[in-house]
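Undergrad: All residue numbers for the sequence shown refer to UniProt numbering, where the first residue is 1 and numbers rise by one.
From the three backbone atoms N, C-alpha and C, an ideal C-beta is built for every residue, glycine too.
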Amino acid sequence: MSCINCLAPLDADDGHDQCPSCLGVEHLREGMTTMACLHCTCLSLPARAARLARLEGVLPSQPLTPRLASPPKRRRSGLPPAAQGGKRRKADPLAHKVDALASEFAGIKTLLLSLQPAVQAAGAPPAVPPAGPSGSSRPVLSPAYSAQEDVLSTRASEGLFLDQACGDGGGGASHSSHTISLEGERSTLAGSEASQMSVRPALKVALARLGLDAAPSVATPPSAFFRGASRAGEFCVPPSAPFLEELQSCWADPRRLTRPSQFARALASMSAASSYGLDRMPDIEPSVAALVLSPGEALRPDARCPRPQCRLTDDHIVRGYNTAARMGRIGNSMSHLILALSQTLQASDVDPSVRDLSDASLQAFGFMTRELGRLMSSLTLARRQIWLAQSPLLEPYRRALRTLPVVPGELFGPAAQQALERSLQVTQAREQFSSLRRGQPGRLRPPAAAAVPLAVPRPFPRPPVRRSERFHRQAPTQTPPAAQREQPARRRPYRWKLFAEWCTVEGQVPASCPLPVVLAFLQSRLDAGLAASTIKVYVAAISAQHNRVDGVTVGSHTLLTHFLKGAQRLRPPLRNPVPRWDLPLVLGALSRPPFEPLQDLGLDVLSMKTAFLLAIASARRVSELHALSVHGECLIWHPGDTGVTLRPNPSFLSKTFSTAFVNQPLTLAAFSPSSQEMGPGQDGAPLCPVRALRRYLQLTAGIRRSDSLFVCHTGPRRGHALSKQRLSRWIVGAIELSYSSGGVPVPPHVRSHSTRGVAASWAALRGVPLSDICAAASWSSPCTFARFYSFNVVPHHPVASAVLPNPSQCP
């Protein structure tokens, strides 16, 4: 096995696919804490400490890293290295600490061995071994290893490596969390030691009544290097054959005995189990799943990891948690039985030894319940790590989400939403700023503005700051870029690049050139034949990067606003007063072959007809139709097939963002055709969009792989979401096929966006109020319809027909 990055050999016991150098110091330090990853937990703590020490340069087998290495000293000229003074090498402080601890442990061990015969002669129970090295409250070593010097040295070295890793830069949080966990273990060990005297006699009584003998205690032999008396072994419980038989019955095949009996189902029944986290593994929150999956897949309740390796590990963790939850529900019923039995024995006059057995059973069940809770919490943290490892979040945000307290019944809990929103805002703003600055070659900054922006990458890392300060410093630079729409922001780097190249030829600095230079560039673009609307895009790109002129931005300067007004008058926008295609002609063609009968249509023709009917019936943009979803919460059929309500994906933002039209639903009513309108073989009104939509969903149900309404029906992306460009071609294709099928020449330059103006114009002609038209088309004012979308759809000229009579009617 070798590293996937540098092809360095990997240890056979290490489950990582990268070497320690590629994993980084932060990952190795985190592996020393309780928040270690799944692969780090498979290694022993001394192995993890030695791995971190080799990377940090503590061990002499590896060279020092640049952060810990000292600068090389210059030799005096003319002298060989052996003749340069009698300086001795500075001793390693770590070696001194290890030697000092080893000598102290040797003295303590000699003292305990000398006191052991006297304690055993007095009949007292064996003394509890002292606490671990460095005053920690870790569980002490077993007697079988307490007299071995190599084990003591390893434990001492492990404590020193852990202290050094936690005391290094960036490890304070890990050290504090490790200290908190040790405090909890100290209280638990104290309780177990207090109950040790009562549990051990009860176990001996239970073994005696079962006719079993306690496991023989083997005395620990003295070390060959340290002479002394051997230490007596501790009390051990022999293995129970029925317990091991039931325990190992499903090890060979975990799927064995998965069908519980009626008695097992009764024990595993528990009211409100989901609220206590004992039902099944909580589903991944959609806000977290959206970091890894597409928005449509993230809304599914059974969201799965996209990577096959992570998906397999995630499935195993989910099965393990579900099994532990079932064990917890059975333990809940068992607790009622044991407590009822204990209260019954306390109230009755029974042998005191029976009560002792009951009390010992309660204590054993309490310890088992704690371990079960620790297991379920660890499985929850492991599943968090699997999903966060695939997300694009930065490591500080991953650590903040991973270390959130476990909430029963939830994977991350409500506290993760606020932290996740903050991290997403920071990530998106950084990407937008970096995309804007990549299109600025040769940009020069004045000395006063060189230190102002905070979003410029620096050649060296910033000094450590508190988390609260980091959030407050980034906030002012993250929110302003979100006010720009996506498409104009993509065009601006190209426009700025053209302006920068023009300034380079003219010998000017793009970011600080005078305003007449900017006007000369815009005039050259206008003389090249560009429209006034295109000139406005150039002004927006220059204004976003240019320094202020007279205290205002370039786009707000008086000279530039007058220039834009003059360009608007010289190059007024040309708009055709009549639509390029005839709506009655297209609707008549949609009622005849090749668009009818609907049951005989293929997916290609049915897709074009459905897209056109939805576009003309809703007056929506292509982007808004593209965002419609078939998710259970977004597609609602009305009772009796009288209509349907469609909603866009919750993450969709329209072109003109307004709170009044956010996630606005599209409600369509079904047509009730008369007998004259229905032709042979038709099952409904031929122009009913609800009928066409239902048939389209029926044909695409077998190939659908996305929650998007319109999906590809051919090619390698069959079943996946359709692109906006392909949806536009479907609408235009329906218009062109309507003309060609009737033998009429196809009009040139037909665009899908024209359906908004045609639909709104015909609705206004038929007497629909302008307020309803603006609400359907997401227009904030009727002026938008009058200026840009209004067409003259009247087929004749009523004034001329009324004034000029027919020649046959003239006297």
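State buried or exposed for Gln-262, treating a residue as buried only when at least 16 other CB atoms are found within 10 Å of its CB.
TA: That one is exposed.
Undergrad: For the alpha helix (DSSP H) that Val-758 lies in, which residues bound it at each end?
TA: Unbroken alpha helix (DSSP H) run through Val-758: 754–765.
Undergrad: Please go through the same chain and pick out, in chain order, the residues whose beta-carbon is closer than 7 Å to the beta-carbon of Ala-206, but skip the five residues on each side of it.
TA: If we look at Ala-206 and ignore the five residues flanking it on each side, its Cβ neighbours are Leu-357.
Undergrad: Using 8 Å as the cut-off, can you tell me whether the stretch 299–308 makes contact with the stretch 239–250, which would need three or more C-beta pairs spanning the two stretches below that distance?
TA: These segments do not touch.
Undergrad: Could you have a look at Gly-632 and say whether DSSP puts it in helix, strand or coil?
TA: Three-state result, Gly-632: coil.
Undergrad: Does DSSP put Gly-643 in a helix, in a strand, or in coil?
TA: In the structure shown, Gly-643 sits in a strand (DSSP, three-state: E or B).
Undergrad: Whole angstroms are fine: how far does the CA of Ser-249 sit from the CA of Leu-337?
TA: About 25 Å.
Undergrad: Tell me, which residues are paired with Leu-666 by DSSP?
TA: Note: Leu-666 sits in a beta bridge opposite Leu-646.
Undergrad: With a threshold of 7 Å on Cβ separation, who are the neighbours of Cys-513 within its own chain once the five nearest residues in sequence on each side are excluded?
TA: Cβ within range, chain order: Cys-503.
Undergrad: Thinking C-alpha only, which one of Cys-42, Phe-652, Leu-668 and Gly-211 is nearest Asp-13?
TA: Nearest option by C-alpha distance: Cys-42.
Undergrad: Once you ignore the five residues that flank Leu-628 on each side, which residues in its own chain have a CB closer than 6 Å to its CB?
TA: So the list reads Leu-646, Pro-648 and Leu-709, once near-sequence residues are dropped.
Undergrad: Taking the DSSP output, what are the residues bridged to Val-711?
TA: In DSSP, Val-711 forms a bridge with Ala-721.
Undergrad: Counting along the chain, where does the alpha helix (DSSP H) carrying Gln-523 start and finish?
TA: Gln-523 -> alpha helix (DSSP H) spans 515–527.
Undergrad: Under the three-state reduction of DSSP, which class applies to Val-768: helix, strand or coil?
TA: Coil at Val-768, not helix or strand.
Undergrad: Does the stretch 403–421 come into contact with the stretch 263–283, if we say contact requires no fewer than three beta-carbon pairs (one atom in each stretch) closer than 8 Å?
TA: In short, these stretches touch, since the Cβ pair count reaches three.
Undergrad: Assuming Phe-412 and Arg-374 make a contact with CB atoms under 8 Å, what is their CB distance in whole Å?
TA: The Cβ separation is near 19 Å, so there is no contact.
Undergrad: Using the three-state DSSP reduction, which class does Pro-9 fall into: helix, strand or coil?
TA: Note: Pro-9 maps to strand in three-state DSSP.
Undergrad: Could you check the C-alpha separation between Leu-570 and Ile-636 for me, to the nearest Å?
TA: Cα-Cα distance, rounded: 51 Å.
Undergrad: To the nearest angstrom, report how far apart Val-288 and Gly-296 are at their CA atoms.
TA: Computed Cα separation, rounded: 13 Å.
Undergrad: At a cut of 8 Å, does the stretch 551–569 reach the stretch 719–735 through at least three beta carbon pairs?
TA: Contact between the stretch 551–569 and the stretch 719–735 is absent, because fewer than three Cβ pairs lie under 8 Å.
Undergrad: Quick one: what's got a C-beta closer than 8 Å to Arg-402's C-beta in the same chain, skipping five residues either side?
TA: Answer for Arg-402: Met-35, Leu-381, Arg-384, Gln-385 and Leu-388, listed in chain order.
Undergrad: Per DSSP, which one or two residues make a beta bridge with Ser-2?
TA: Partner(s): Pro-9.
Undergrad: Any idea which residues DSSP pairs Val-552 with across the strands?
TA: DSSP output for Val-552 lists Val-549 as bridge partner(s).
Undergrad: Leu-765 and Val-744 - do their beta-carbons sit closer together than 8 Å?
TA: Cβ atoms of Val-744 and Leu-765: not closer than 8 Å.
Undergrad: Can you list the alpha helix (DSSP H) stretches of 4 or more residues lying completely in the stretch 294–357, in chain order?
TA: As far as the stretch 294–357 is concerned, its whole alpha helix (DSSP H) runs of at least 4 residues are 295–298 and 308–347.
Undergrad: Whole-angstrom Cβ separation of Leu-203 and Val-237, contact assumed at under 8 Å?
TA: Contact flag correct, Cβ pair sits at about 6 Å.
Undergrad: If you count every other CB in all the chains shown that lies within 10 Å of the CB of Ala-589, and 16 or more means buried, which is it?
TA: The residue is buried, with at least 16 neighbouring Cβ atoms inside 10 Å.
Undergrad: Suppose contacts are defined by Cβ-Cβ distances below 8 Å. Is Asn-322 in contact with Arg-280 by that definition?
TA: Yes, the Cβ-Cβ distance between Asn-322 and Arg-280 is below 8 Å.
Undergrad: Does DSSP put Trp-581 in a helix, a strand or coil?
TA: Three-state result, Trp-581: coil.
Undergrad: Would you tell me roughly how many angstroms separate the C-alpha atoms of Val-586 and Arg-756, rounded to the nearest one?
TA: If you take the alpha carbons of Val-586 and Arg-756, they lie about 15 Å apart.
Undergrad: Going by the CB atoms, is the gap between Arg-51 and Pro-9 shorter than 8 Å?
TA: Going by C-beta atoms, Pro-9 is not nearer than 8 Å to Arg-51.
Undergrad: Could you tell me the distance, in whole angstroms, from the CA atom of Ala-268 to the CA atom of Arg-370?
TA: Distance between the alpha carbons of Ala-268 and Arg-370: 19 Å.
Undergrad: Terminal residues of the continuous alpha helix (DSSP H) containing Lys-655?
TA: No alpha helix (DSSP H) contains Lys-655, which DSSP labels as neither H nor E.
Undergrad: Based on Cα-Cα distance, which residue from Gly-331, Ser-271, Asp-359 and Leu-55 lies nearest to residue 881?
TA: Within the shown structure, residues of the chain are numbered from 1 to 811, placing residue 881 beyond reach of any answer.
Undergrad: Closer than 8 Å, CB to CB, is Glu-297 near chain D or not?
TA: The chain labelled as chain D is not found in the depicted structure, where only one protein chain is given.
Undergrad: Assuming Gln-248 is part of the alpha helix (DSSP H), what are its boundary residues?
TA: Premise fails: Gln-248 is in no alpha helix (DSSP H) and is neither H nor E.
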